[in-house]
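Residue numbers (the working numbering): 9 to 262. C-beta atoms are modelled at their ideal positions from N, C-alpha and C, and glycine is treated no differently. Quick caveat: nothing in here was measured; it's all calculated off a predicted structure. This report concerns only the one structure given below.
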Amino acid sequence: MAGLRVLAVDDELPALEDLAYLLRADPRIGEVAMARDGAAALRLLDRAIADGRPIDAVFLDIRMRGLDGVVLGRLLSQFANPPRVVFVTAYEEHAVDAFEIKAEDYLLKPVRPERLAEAIRRVCVASEAAEPDPGAREPDTIPVELGGVTRFVASTEVRYVEAHGDYARLHTATGSHLVRISLATLEERWASAGFVRVHRSHLVAVKHIDELHIDSGRCVVRIGDTEIPVSRRHTRELRDLLVRRARKGQGTGA
Numbered sequence: 009m010a011g012l013r014v015l016a017v018d019d020e021l022p023a024l025e026d027l028a029y030l031l032r033a034d035p036r037i038g039e040v041a042m043a044r045d046g047a048a049a050l051r052l053l054d055r056a057i058a059d060g061r062p063i064d065a066v067f068l069d070i071r072m073r074g075l076d077g078v079v080l081g082r083l084l085s086q087f088a089n090p091p092r093v094v095f096v097t098a099y100e101e102h103a104v105d106a107f108e109i110k111a112e113d114y115l116l117k118p119v120r121p122e123r124l125a126e127a128i129r130r131v132c133v134a135s136e137a138a139e140p141d142p143g144a145r146e147p148d149t150i151p152v153e154l155g156g157v158t159r160f161v162a163s164t165e166v167r168y169v170e171a172h173g174d175y176a177r178l179h180t181a182t183g184s185h186l187v188r189i190s191l192a193t194l195e196e197r198w199a200s201a202g203f204v205r206v207h208r209s210h211l212v213a214v215k216h217i218d219e220l221h222i223d224s225g226r227c228v229v230r231i232g233d234t235e236i237p238v239s240r241r242h243t244r245e246l247r248d249l250l251v252r253r254a255r256k257g258q259g260t261g262a
């Protein structure tokens, strides 16, 4: 893949120049353009599309004079082939807006090189992905806080979810994240992503189930090194689902 063509947008010149410097220092970046406001950014993006060299990603400040970053991000999301958006801001309170826009990342100023490198990695992964099926849905994402930094956890990264009152703990291969959302909401929201309720306090991604055990009427599933209880009312439904998946897999491999 050729180096990414990116656009840095910030109405404060020192911050803009610092961001452009850090972007150019990354070998995955091929070209960096700059804009001092949202209107200038739109003109540059339109010109790049007309020239047949569209921008791959926009690193975007939020609080700017005129067209602010959130409004610009929403406009970009309406493009036929929208660039990836990474917000770069001094303010934490716009994370929900970034989540709704499906931003790739949300960086807080002053930008640390390692966090910028991670954001660029996420953009590269997204850009290198195969052309999506027009009927396919993008994985849902949830904003989580990590040491004062907001990142987005995709449903595809989550192995199982554990209820904590009005909160839910998302368990991934690398750790867990407590978020303010109910298990019932996630059950409905992630049903199409292969998550099923196995207990009043647990939701699991079926594809991550390694084993199912039934002993003396007690049923548990194992995901990695974790055993998760399955309530009686969900046992038969889950067992039948796993059997159907196994048969489908055997049929595909035949």
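Rounded Cβ spacing between Leu68 and Phe95 (contact assumed at less than 8 Å): Mapped onto the sequence shown, residue 68 falls at position 60. Mapped onto the sequence shown, residue 95 falls at position 87. Right, the Cβ-Cβ distance comes to about 6 Å (below 8 Å), so this counts as a contact.
Sub-9 Å separation of Leu178 and Ile150 beta-carbons: The residue given as residue 178 occupies position 170 in the sequence shown. The residue given as residue 150 occupies position 142 in the sequence shown. The answer is yes: Cβ separation under 9 Å.
Hey, Val302 and Leu30 are a contact pair by Cβ (cut 8 Å); roughly how many whole angstroms apart? The first residue shown for the chain is 9 and the last is 262, placing residue 302 beyond what the model contains.
Which residues mark the beginning and the end of the beta strand (DSSP E) in which Ser271 is found? Nothing can be reported for residue 271: it is not among the residues displayed for the chain, which extend from 9 to 262.
Inter-residue CB distance, Gly63 and Pro91 (contact presumed, cutoff 8 Å): One-based indexing of the sequence shown puts residue 63 at position 55. One-based indexing of the sequence shown puts residue 91 at position 83. First, the amino acid is wrong: residue 63 is Ile here, not Gly. The Cβ separation is near 5 Å, so the contact holds.
Identify whether Leu113 lies in helix, strand or coil by the three-state DSSP scheme. Working through the sequence shown from its first residue, we reach residue 113 at position 105. Rather than Leu, the amino acid found at residue 113 in this sequence is Asp. Asp113 falls in the strand class under three-state DSSP.
Measuring only the C-alpha atoms, how far is Gly183 from Val204? The sequence position of residue 183 within the sequence shown is 175, counting from 1. The sequence position of residue 204 within the sequence shown is 196, counting from 1. Each residue's Cα considered, the two are about 21 Å apart.
Give a yes or no on whether the C-beta atoms belonging to Leu154 and His185 are separated by under 9 Å. Numbered from 1 along the sequence shown, position 146 holds the residue referred to as residue 154. Numbered from 1 along the sequence shown, position 177 holds the residue referred to as residue 185. Contact flag set, yes.
Between the Cα of Leu27 and the Cα atoms of Asp54, Leu116, Asp59, Gly60, which residue gives the shortest distance? As a working note, residue 27 is residue 19 in the sequence shown. Ranking the options by Cα distance to Leu27, first place goes to Leu116.
The alpha helix (DSSP H) that contains Ala33, what's its start and end? One-based indexing of the sequence shown puts residue 33 at position 25. Per DSSP, Ala33 belongs to no alpha helix (DSSP H) and is neither H nor E.
At the level of alpha carbons, what is the spacing between Arg15 and Ala162? By one-based count along the sequence shown, residue 15 stands at place 7. By one-based count along the sequence shown, residue 162 stands at place 154. Checking the sequence shown, residue 15 turns out to be Leu, not Arg. Distance between the alpha carbons of Leu15 and Ala162: 25 Å.
Limits of the unbroken beta strand (DSSP E) element including Pro237: Counting from 1 along the sequence shown, the entry for residue 237 is found at position 229. Element bounds for Pro237: 234 to 238.
Excluding the five sequence neighbours on either side, which residues of its own chain have a C-beta within less than 6 Å of the C-beta of Gly11, listed in chain order? Along the sequence shown, one-based indexing puts residue 11 at 3. Answer for Gly11: Ile37, Gly38, listed in chain order.
Would DSSP call Asp18 helix, strand or coil? Residue numbering aside, residue 18 sits at position 10 when the sequence shown is read from its first letter. Three-state result, Asp18: coil.
N-terminal and C-terminal residue of the beta strand (DSSP E) that Ile37 is part of: On the sequence shown, residue 37 is found 29 positions in, with the first residue counted as 1. It spans 37 to 43 - the beta strand (DSSP E) in which Ile37 sits, taken as one unbroken run.
Do Ile217 and Ser243 count as a contact pair if the criterion is CB distance below 9 Å? Along the sequence shown, read from residue 1 onward, the residue named residue 243 stands at position 235. Along the sequence shown, read from residue 1 onward, the residue named residue 217 stands at position 209. In the sequence on display, residue 243 carries Thr and not Ser. Not a contact, by the Cβ cut-off of 9 Å.
Specify the secondary structure class of Ser163 as computed by DSSP and reduced to three states. Locating residue 163 in the sequence shown gives position 155, where the first residue counts as 1. Ser163 falls in the helix class under three-state DSSP.
Quick one, which of Gly77, Ala58, Leu246, Arg247 has its alpha-carbon nearest Asn89's? For the purposes of this step, residue 89 is taken as the residue at position 81 of the sequence shown. Minimum Cα distance to Asn89 is reached at Ala58.
Ile70 versus Val187: straight-line alpha-carbon distance, rounded: Your numbering for residue 70 matches position 62 in the sequence shown. Your numbering for residue 187 matches position 179 in the sequence shown. C-alpha separation (whole angstroms): 24 Å.
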